[in-house]
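Sequential numbering of the sequence shown, starting at 3, is according to the working numbering. Heads up, the beta-carbon is just placed ideally off N, CA and C, and yes, glycines get one too. A short write-up of the structure that comes next.
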Amino acid sequence: MASGERRVHLGYVEAFRLGYSHLLRRLDRSTLNVASIALGLSFYTSLLLTDTFYRTYSTLGGASLSVEATYYWLVAIALTVSVVGITNAMLISVQERVKEIGTMKCLGALDRHITLLFLIEALLQGIIGGIIGYAVGVVAALLTTGFTTGFDIILRVPVTQNLTLFVSSLVLAIVLGTAATIYPAYRASRLDPVEALRYEL
Numbered sequence: 003m004a005s006g007e008r009r010v011h012l013g014y015v016e017a018f019r020l021g022y023s024h025l026l027r028r029l030d031r032s033t034l035n036v037a038s039i040a041l042g043l044s045f046y047t048s049l050l051l052t053d054t055f056y057r058t059y060s061t062l063g064g065a066s067l068s069v070e071a072t073y074y075w076l077v078a079i080a081l082t083v084s085v086v087g088i089t090n091a092m093l094i095s096v097q098e099r100v101k102e103i104g105t106m107k108c109l110g111a112l113d114r115h116i117t118l119l120f121l122i123e124a125l126l127q128g129i130i131g132g133i134i135g136y137a138v139g140v141v142a143a144l145l146t147t148g149f150t151t152g153f154d155i156i157l158r159v160p161v162t163q164n165l166t167l168f169v170s171s172l173v174l175a176i177v178l179g180t181a182a183t184i185y186p187a188y189r190a191s192r193l194d195p196v197e198a199l200r201y202e203l
């Protein structure tokens with residue numbers, strides 16, 4: 003193992019390049035994962051922004067409005083479904099890439115290199131899905147509240163509050179994508195290279 007570590011070095015820049023390349027080569031599956039993250043995040047963002055818009059509207063002298071607690075459960079369910087969907091998709095991806103992983107390990111890649119590649123793919127998918135999900139959530143929240151609070155309500159919310167929500171949404175998307183990929187990444191890293199090269203789909 004020590005000799006392998008001396009022989010093979012995979013820096014973060016190279017790992018990101020490979021991860022991005024893998025996303026493009028499997029664009030259909032990557033798109034499904036991004037869509038799954040974006041869907042869950044759009045519900046989350048829409049709910050929080052709707053509540054924020056209502057609170058801001060009330061502070062400005064409007065009627066006191068609030069979001070029903072039931073919607074929070076719906077968001078939790080949506081996020082859970084997203085995680086399950088991503089995990090299943092990544093497990094299928096591992097099965098499709100068994101020979102590729104076996105080749106990489108035969109060329110000297112360590113278990114941690116394989117794990118890192120899968121986690122970087124999840125990170126990139128999380129970032130893209132988070133940005134898309136946030137944008138969709140903003141539109142949904144405005145359509146939900148705009149006719150009551152006015153569509154300019156988003157401009158009345160402090161910039162720092164909007165920025166905080168964006169960052170929290172992006173972080174949540176990354177956490178969801180990464181958490182859903184931990185087990186598939188572990189499975190991929192534990193593949194025996196010789197058996198992997200013999201594997202047939």
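| message | Using a Cβ-Cβ cutoff of less than 6 Å, which residues in the same chain neighbour T166 once the five nearest sequence positions on both sides are dropped? | response | Cβ-Cβ distances below 6 Å link T166 to nothing in the same chain once the five nearest sequence neighbours on each side are left out.
| field | Buried versus exposed, by CB contacts within 10 Å (16 or more), T55 | value | Checking the sequence shown, residue 55 turns out to be Phe, not Thr. Only buried fits F55, as 16 or more other CB atoms lie within 10 angstroms of its CB.
| said: Between which residues of its own chain and E7 is the CB-CB distance below 6 Å, once the five residues before and five after are set aside? | reply: Legend: pLDDT at E7 = 45, less than 50; position of this residue unreliable, no value from coordinates given.
| request: Using beta-carbon positions only, say whether S84 and L178 come within less than 8 Å of one another. | output: Their beta carbons are under 8 Å apart, which means S84 touches L178 by this criterion.
| Between which two residues does the alpha helix (DSSP H) carrying P186 extend? | V161 to S191 is the extent of the alpha helix (DSSP H) around P186.
| Excluding five sequence neighbours on each side, which residues of the same chain lie with their C-beta closer than 7 Å to the C-beta of M3? | Caution applies to M3, whose pLDDT of 44 falls short of 50 and renders its modelled position unreliable; the model cannot decide the point.
| Roughly how many angstroms lie between the CA atoms of V139 and T180, to the nearest whole one? | First, the residue type needs correcting, since residue 139 is Gly and not Val in the sequence shown. Near 21 Å, if we compare the C-alpha coordinates of T180 and G139.
| Coil, strand or helix - E70 by DSSP | Three-state DSSP puts E70 in coil, outside helix and strand.
| request: Can you give me the Cβ contacts of T151 inside the same chain, cut-off strictly under 6 Å, excluding the 5 residues immediately before and after it? | output: So the qualifying residues of the chain are F55 and Y59.
| Under three-state DSSP, which class holds R28? | When DSSP states are grouped into helix, strand and coil, R28 belongs to the coil group.
| request: Return the CA-CA distance between A78 and A137, expressed in angstroms with no decimal places. | output: Between the alpha carbons of A78 and A137 lies a gap of roughly 19 Å.
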